[in-house]
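Beneath this line is the structure, given in structure tokens, with notes to follow.
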Amino acid sequence: MSEPLIELDRVSRTYTTRAGTITAVDDISLSLEQSETICLVGESGCGKTTTGRMLAGLLRPSSGRLLFEGADVWKKKGDDLARFRRAVQLVHQDPYASLNPTRTIAQTLAPPLAKHKKAHGKAARAAMISLLERVGLTPAADFLLKYPHQLSGGQRQRVSIARALTVDPRVIVADEAVSMVDVSIRISLLDLLHNLATEFHVTTVLITHDLAVARYFGRKGRIAVMYLGRIVELAATEPLVSDPAHPYSAALIAAIPEADPAITRTKRRVSLKGAEVPSLLNLPPGRAFHPRCPLAEPGLCDVVIPTLGNLSGGRSVACHVALRERQPAAELLGVV
Amino acid sequence: MPVLSVRDLSIDYRTRRGPVHAVRDVTFDLEQGETLAIIGESGSGKTTLAVGLIRLSPRSARVTSGEIRYDDGKRAFDVLSLESERLRRFRWADCAMVFQAALSAFNPVITIWEQFLDTGRAHGMGDKHKIHDRTRELLDLVHLDPDRVLRSYAHELSGGMRQRVLIAMALLLDPRIVILDEPTTALDILTQRAIIDLLRDLRAKLGFATIFISHDLSIAAELADRMLTMYAGRVVERAGVDDLFYRPRHPYSVGLMRAVPRVSGALGSVASIPGSPPDLIRLPRGCSYYPRCPFHVEQCLEQDPPLLAVDTPDHEAACIRWEAVAAALGSDAEAPVAEKLA
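Protein chains in written order, with this note's numbering: chain A, 520 to 855; chain B, 29 to 370.
Written out as structure tokens, the structure reads:
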């Protein structure tokens, strides 16, 4: 295993609200290598966006460290910090809100090129055209003078990606980057992001609630499943979707409606106790899945918080029962 | 006997650039108790059609032709000819609509009970006690605790609970048709699953017919009996659910099916549809899908093809190249399109 490029080391993040303090992310460690693709998957409130923002250095962890090339990012200063800021770029969910409506595409792309690459005039124009071609907006010269409102959602998202690329990032964090674009063009955007990882060695983190999107995008990488602020399973994509190790991952995969009538109407379900995710303000003891878990054992799961442990095939799972039985939860539940 | 028969329905929007032909010559039947899913990209006209069926279109919309015939065995009429009071009655008592469970679907300053009461009164249910009894019965049916929910305001409920409330409210006057617009979009997976199971259960118990509008093909795979694919305002394919998923004959349906990755089974050859939908003000010559279609031939430019019978009498596609599509997909095995093209 090579050196990690970027790493979250036991980070937590709490928020103070009028109703009390909530811990959105609780003691997460995650280390990513160069040109790796990883998907953070989970339901709303699981902490995936908070984790993504901490990875991008936009949100300071309440405890724990963010390491980039082994150095603590929140201790960086001056040029060193600026270099990190360029190295990690975020692509937002909403391409209608993330581009300035009063600027043409050229006016959006030129400032970062001028600031970070000292590219002006003809050199800047050539750089912009090559960026737009790289994100599939051709003929590129036509797009330079357009405003965001003249573009479709998918085209805007491509502009957002081009803007992220102006500074030659080493890590891109894409938060629900395809959930607002039409189904018919999602795959092409995912392919574009995927190519950045394979051709330009960019480490790509995709945050999504859609496991089918995660499976497609992360087919050569890993998936981290999050629940109530913790990573409950971390594994290579195919084993995770075909034979999930954590009972929560198994329940999600069993519940997903699929675009195939025969499969979706005969899927074996995992029945959970209670359909709603517990409130972060009122967490169950052990801060975990046990009150809803069909495999939970009293005296074990409600006493000790499970931490990630290794199961065969290089997967990590935070489940006492799966670890003790050395079997993925999907097999214990008979849903494989 | 269909409960709803739509014939040659066309709806335009007035804009400064000229009329937008959002729905063009749409014809279909909805049988008693069946579930029809309408799929297509944004801008395909599916929402305009759904909203047009209950005449809730914005003021800029105009029905330029067609007929929407309702017939529940006791009463029969053309929805387009209804005026004020009768139209209002039709809208909730005969045909109810469930919108996405956004907060904006609720009045934020009154409780859920007052919301039910308002709805019942507006549609002539009269007696407060009768409305109350029916409301509790329906909330039980959608697995909500009436004591808790009726006292709540919309913002105090989770997305899943709000969607259940909207479904219960739609059923208040026991409609024969329920139209659902993206009923599970923006809900989490486990909540989505619960709503799908609930709808299946309610449909079996109450026997209403359903029209689903969704960009999410998996909801159609779960619940639909028959499906319509819409493109550029027209119905381009009409088929039973298995035929549309496993044996689509319009290249656009093939493209949509192929654009959605799955979690189970082989990933297959997943791909997006190239290009974007046409400008509905200046439609291209011939078939509107021509510029994006991998199957096109010169002849496709001659006319926008009508629905043609393919394979079986219950399956129609508006494509002169449907046989080439069938050949490309190969045998008729029950396998998804992305696998057949892999």
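The beta-carbon is built from N, C-alpha and C at its ideal position, and this holds for glycine as well.
Values in this document were obtained by computation on a predicted structure and should not be read as measured data.
Would you decide whether residue i is buried or exposed? Buried here means 16 or more other CB atoms lie within 10 Å of its CB.
{"i": "Lys792 of chain A", "result": "exposed"}
{"i": "Glu113 of chain B", "result": "exposed"}
{"i": "His243 of chain B", "result": "buried"}
{"i": "Val137 of chain B", "result": "exposed"}
{"i": "Pro333 of chain B", "result": "buried"}
{"i": "Ile772 of chain A", "result": "buried"}
{"i": "Trp593 of chain A", "result": "exposed"}
{"i": "Val760 of chain A", "result": "buried"}
{"i": "Ile309 of chain B", "result": "exposed"}
{"i": "Lys102 of chain B", "result": "exposed"}
{"i": "Lys786 of chain A", "result": "buried"}
{"i": "Ser93 of chain B", "result": "exposed"}
{"i": "His639 of chain A", "result": "exposed"}
{"i": "Ala538 of chain A", "result": "exposed"}
{"i": "Val822 of chain A", "result": "exposed"}
{"i": "Leu549 of chain A", "result": "buried"}
{"i": "Thr621 of chain A", "result": "exposed"}
{"i": "Leu131 of chain B", "result": "exposed"}
{"i": "Asp545 of chain A", "result": "buried"}
{"i": "Ala361 of chain B", "result": "exposed"}
{"i": "Pro658 of chain A", "result": "exposed"}
Pick helix, strand or coil for residue i, following the three-state DSSP scheme.
{"i": "Asn714 of chain A", "result": "helix"}
{"i": "Ser112 of chain B", "result": "helix"}
{"i": "Tyr735 of chain A", "result": "helix"}
{"i": "Asp599 of chain A", "result": "helix"}
{"i": "Arg228 of chain B", "result": "helix"}
{"i": "Pro364 of chain B", "result": "coil"}
{"i": "Ser554 of chain A", "result": "coil"}
{"i": "Leu868 of chain A", "result": "Because chain A in this structure spans residues 520 to 855, residue 868 of chain A falls outside the shown range and cannot be described."}
{"i": "Pro341 of chain B", "result": "strand"}
{"i": "Phe118 of chain B", "result": "helix"}
{"i": "Tyr98 of chain B", "result": "strand"}
{"i": "Gly640 of chain A", "result": "helix"}
{"i": "Met125 of chain B", "result": "strand"}
{"i": "His49 of chain B", "result": "strand"}
{"i": "Asp546 of chain A", "result": "strand"}
{"i": "Pro312 of chain B", "result": "coil"}
{"i": "Glu165 of chain B", "result": "helix"}
{"i": "Leu199 of chain B", "result": "coil"}
{"i": "Pro306 of chain B", "result": "coil"}
{"i": "Glu562 of chain A", "result": "coil"}
{"i": "Ala182 of chain B", "result": "helix"}
{"i": "Ala214 of chain B", "result": "coil"}
{"i": "Val607 of chain A", "result": "strand"}
{"i": "Leu830 of chain A", "result": "strand"}
{"i": "Met189 of chain B", "result": "helix"}
{"i": "Met258 of chain B", "result": "strand"}
{"i": "Gly148 of chain B", "result": "helix"}
Taking C-alpha atoms, which residue in the options lies nearest to residue i?
{"i": "Thr556 of chain A", "options": "A:Asp779, A:Ala716, A:Gly832", "result": "A:Ala716"}
{"i": "Asp369 of chain B", "options": "B:Asp342, B:Gly296, B:Ala133", "result": "For clarity, residue 369 of chain B is Leu in the given sequence; the question names Asp instead. Out of B:Asp342, B:Gly296, B:Ala133, B:Gly296 has the C-alpha closest to the C-alpha of Leu369 of chain B."}
{"i": "Asp701 of chain A", "options": "A:Phe662, A:Pro614, A:Pro763, A:Leu712", "result": "A:Pro614"}
{"i": "Arg675 of chain A", "options": "A:Ala645, A:Glu844, A:Ala625, A:Pro810", "result": "A:Ala625"}
{"i": "Arg119 of chain B", "options": "B:His151, B:Met258, B:Gly61", "result": "B:His151"}
{"i": "Ile205 of chain B", "options": "B:Tyr41, B:Ser359, B:Asp57", "result": "B:Asp57"}
{"i": "Glu848 of chain A", "options": "A:Leu609, A:Thr826, A:Leu708, A:Pro763", "result": "Reading the sequence as shown, one finds Ala at residue 848 of chain A and not Glu. The shortest C-alpha separation from Ala848 of chain A is found at A:Pro763."}
{"i": "Cys321 of chain B", "options": "B:Ile301, B:Asn135, B:Ala198, B:Ala366", "result": "B:Ile301"}
{"i": "Val48 of chain B", "options": "B:Pro203, B:Arg290, B:Ser72, B:Ala121", "result": "B:Ser72"}
{"i": "Leu827 of chain A", "options": "A:Val789, A:Val796, A:Thr568, A:Tyr746", "result": "A:Tyr746"}
{"i": "Asp753 of chain A", "options": "A:His809, A:Pro797, A:Leu830", "result": "It should be pointed out that residue 753 of chain A corresponds to Leu in this sequence rather than to Asp. Nearest C-alpha to Leu753 of chain A: A:Leu830."}
{"i": "Lys233 of chain B", "options": "B:Leu199, B:Met258, B:Gly261", "result": "B:Leu199"}
{"i": "His839 of chain A", "options": "A:Gly832, A:Val855, A:Gly853, A:Pro813", "result": "A:Pro813"}
{"i": "Leu226 of chain B", "options": "B:Ala196, B:Arg254, B:Asp209", "result": "B:Ala196"}
{"i": "Ser34 of chain B", "options": "B:Thr43, B:Gly80, B:Glu62", "result": "According to the sequence shown, residue 34 of chain B is Val rather than Ser. Of the listed residues, the one whose Cα sits closest to Val34 of chain B is B:Gly80."}
{"i": "Ser563 of chain A", "options": "A:Asp729, A:Gly853, A:Pro825", "result": "A:Asp729"}
{"i": "Ser38 of chain B", "options": "B:Glu95, B:Leu84, B:Ser88, B:Glu62", "result": "B:Glu95"}
Taking 7 Å as the line, does the beta carbon of residue i fall inside it for any heavy atom of the ligand COA?
{"i": "Ser300 of chain B", "result": "Of ligands this structure carries none, so the ligand COA is not represented either."}
Under 8 Å Cβ to Cβ from residue i, same chain only, skipping five residues before and after it: list those, please.
{"i": "Leu336 of chain B", "result": "Glu344, Ala345, Ala346, Cys347, Ile348, Trp350"}
{"i": "Ile224 of chain B", "result": "Thr212, Ile247, Glu250, Leu251"}
In chain order, what residues of the same chain have a beta carbon less than 7 Å from the beta carbon of residue i, not counting five sequence neighbours either side?
{"i": "Lys595 of chain A", "result": "Phe603"}
For residue i, which residues of its own chain have a beta-carbon under 6 Å away from its beta-carbon, when the five flanking residues on both sides are left out?
{"i": "Trp141 of chain B", "result": "Leu178"}
Restricting to runs no shorter than 3 residues, where is the beta strand (DSSP E) found entirely within the region 737-808 of chain A?
DSSP runs (the beta strand (DSSP E)) wholly in the region 737-808 of chain A: 741-746, 749-755.
Mind pulling the alpha helix (DSSP H) runs of 4 or more residues that sit fully within the region 659-685 of chain A?
Runs of the alpha helix (DSSP H) inside the region 659-685 of chain A: 659-663, 672-684.
What are the uninterrupted segments assigned as alpha helix (DSSP H) that are 4 or more residues long and contained completely in the region 38-93 of chain B, given in chain order?
Entirely contained in the region 38-93 of chain B, the alpha helix (DSSP H) runs reaching 4 residues are, in chain order, 74-81.
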